[in-house]
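Engineer:
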Amino acid sequence: GNSVTQMEGPVTLSEEAFLTINCTYTATGYPSLFWYVQYPGEGLQLLLKATKADDKGSNKGFEATYRKETTSFHLEKGSVQVSDSAVYFCALSGQKGYSTLTFGKGTMLLVSP
Amino acid sequence: GAGVSQSPSNKVTEKGKDVELRCDPISGHTALYWYRQSLGQGLEFLIYFQGNSAPDKSGLPSDRFSAERTGGSVSTLTIQRTQQEDSAVYLCASSLVEVAFFGQGTRLTVV
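So the protein sequences, as listed, match chains A and B. Here the first sequence is numbered in my numbering, starting from 1 and rising by one per residue. Here the second sequence is numbered in my numbering, starting from 1001 and rising by one per residue.
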């Protein structure tokens, strides 16, 4: 079955540091890949997505590239801000829109001034 | 409404009681998901509804859990004879194609 593995947190960084959160997956077929973010006290919201190999999703300075050869979708940001402190979830969907979403366990990011 | 709405936002119940959690998805979304978020456990899939198809119940942890979706819209998750290990945040999401939109969740505490 499908599975997603994320690096364990918390990841602790200083403001303006470079961020990488690793995500690898196991799936049959050609999944779509997502990063969701959960800010303190808020619900989950989509951060970015990629639907096929070599696609790059980007939003709010975050980027992730769909790497089929390494089955990875690592999240990166060049310069983090305190406001980026949140829990980040990597997820995949099987056939487009017609399957359950499989999530990783989440990685907490803490950014200090 | 504009987003996925869940009620109640918080629920405290006594062990052994039944609870019902409600989800109003985004209008027109054909897919509806229930997940459970426990501390240290990430997001655990519970059940998935897609249109008029039979729901995927493979994530329900026991027969005390059940869910229905009436008229392809509102969904209710029912937990019978609640146990302390059922304490968690229950999240509902809906989607039209593949991007899932989540509600704020219902925090269930079983005492």
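For each residue, glycine too, the CB sits at the ideal point set by N, CA and C.
1. What residue range does the beta strand (DSSP E) around residue 62(A) cover?
2. Does the structure place the stretch 1068-1082 of chain B close enough to the stretch 6-13 of chain A that three or more beta carbon pairs sit under 8 Å?
3. What's the call for residue 39(A), buried or exposed, on a 16-neighbour Cβ count within 10 Å?
4. Residues in its own chain within less than 7 Å of residue 1066(B) by CB, not counting five upstream and five downstream?
5. Going by DSSP, which residues form a beta bridge with residue 73(A)?
6. Among 81(A), 36(A), 76(A), 107(A), whose alpha-carbon lies nearest the alpha-carbon of residue 1099(B)?
7. Under a Cβ-count criterion, where at least 16 other Cβ atoms within 10 Å of its own Cβ denotes burial, should residue 1017(B) be classed as buried or exposed?
8. Tell me, please, whether the CB atom of residue 1016(B) is closer than 9 Å to any CB atom in chain A?
9. Name the chain B residues whose beta carbon is nearer than 8 Å to that of residue 46(A)?
10. Rounded to whole angstroms, what's the CA-CA distance from residue 83(A) to residue 49(A)? Just pull it up for me.
11. If you draw a straight line from the alpha carbon of residue 1060(B) to that of residue 1048(B), how long is it in whole angstroms?
12. Can the beta-carbon of residue 1006(B) be found closer than 9 Å to that of residue 1104(B)?
Structural biologist: In brief:
1. Position 62 of the first sequence holds residue 62(A). Residue range 62-65 is occupied by the beta strand (DSSP E) that includes residue 62(A).
2. no
3. Along the first sequence, read from residue 1 onward, the residue named residue 39(A) stands at position 39. Residue 39(A) is exposed by the Cβ-count criterion.
4. Locating residue 1066(B) in the second sequence gives position 66, counting from the first residue. Only 1078 meet the Cβ criterion.
5. The count along the first sequence starts at 1 and reaches residue 73(A) at position 73. Beta-bridge pairing links residue 73(A) to no other residue.
6. Here residue 1099(B) is taken as the residue at index 99 of the second sequence, counted from 1. Comparing Cα-Cα distances from residue 1099(B) to each of 81(A), 36(A), 76(A), 107(A), the minimum goes to 36(A).
7. As a first step, residue 1017(B) is located in the second sequence; it is residue number 17 there, counting from the start. Burial call: exposed.
8. Start at 1 with the first residue of the second sequence, and residue 1016(B) comes out as number 16. For residue 1016(B), the answer is no, since every Cβ of chain A falls outside 9 Å of its Cβ.
9. On the first sequence, residue 46(A) is found 46 positions in, with the first residue counted as 1. Within chain B, the residues near residue 46(A) are 1099, 1100, 1101.
10. By 1-based counting over the first sequence, the position of residue 83(A) is 83. By 1-based counting over the first sequence, the position of residue 49(A) is 49. When rounded, the distance between both Cα atoms is 21 Å.
11. Working through the second sequence from its first residue, we reach residue 1060(B) at position 60. Working through the second sequence from its first residue, we reach residue 1048(B) at position 48. Residue 1060(B) and residue 1048(B): Cα-Cα distance of roughly 10 Å.
12. One-based indexing of the second sequence puts residue 1006(B) at position 6. One-based indexing of the second sequence puts residue 1104(B) at position 104. Result yes, Cβ atoms of residue 1006(B) and residue 1104(B) sit closer than 9 Å.
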